[in-house]
Amino acid sequence: MNSSAKGERYARIFRKAGVYLAKGNVARALEVLKEGRDLAQSEGHAKMARLFEAEMERAKAPVDPEKE
0 MNSSAKGERY ARIFRKAGVY LAKGNVARAL EVLKEGRDLA QSEGHAKMAR LFEAEMERAK
60 APVDPEKE
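Numbering (numbering that gives the first Met the number 0), first residue to last: 0 to 67.
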């Protein structure tokens, strides 16, 4: 798989997780992000795996009602 295809695949995963987060389905978004992290790790992309981990932490963070 070339670099462009890998980037597109990761972008799709991030978008999918974003859709679930927008709908308030944090549990499903976390599942999708974990799948992305696992994919990145299996492909040897440590930096991308860390990005998925960071997004998982953000998704778990409590929502600040004043920022909405």
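The C-beta atom is built at its ideal place from N, Cα and C for all residues, glycine as well.
Alpha carbon of residue i to alpha carbon of residue j, nearest angstrom
i, j, result
"ALA48", "PHE13", "12 Å"
"ASN1", "ARG27", "28 Å"
"ALA21", "GLU52", "19 Å"
"LEU38", "GLU30", "12 Å"
"ARG8", "TYR19", "17 Å"
"HIS44", "ALA16", "19 Å"
"GLY35", "ALA60", "19 Å"
"GLY23", "GLY6", "26 Å"
DSSP three-state assignment for residue i, whether helix, strand or coil
i, result
"LYS22", "coil"
"GLY111", "No answer is possible for residue 111: the residues shown for the chain start at 0 and end at 67."
Integer Cβ distance of residue i from residue j, believed to fall under 8 Å
i, j, result
"ALA58", "LEU32", "7 Å"
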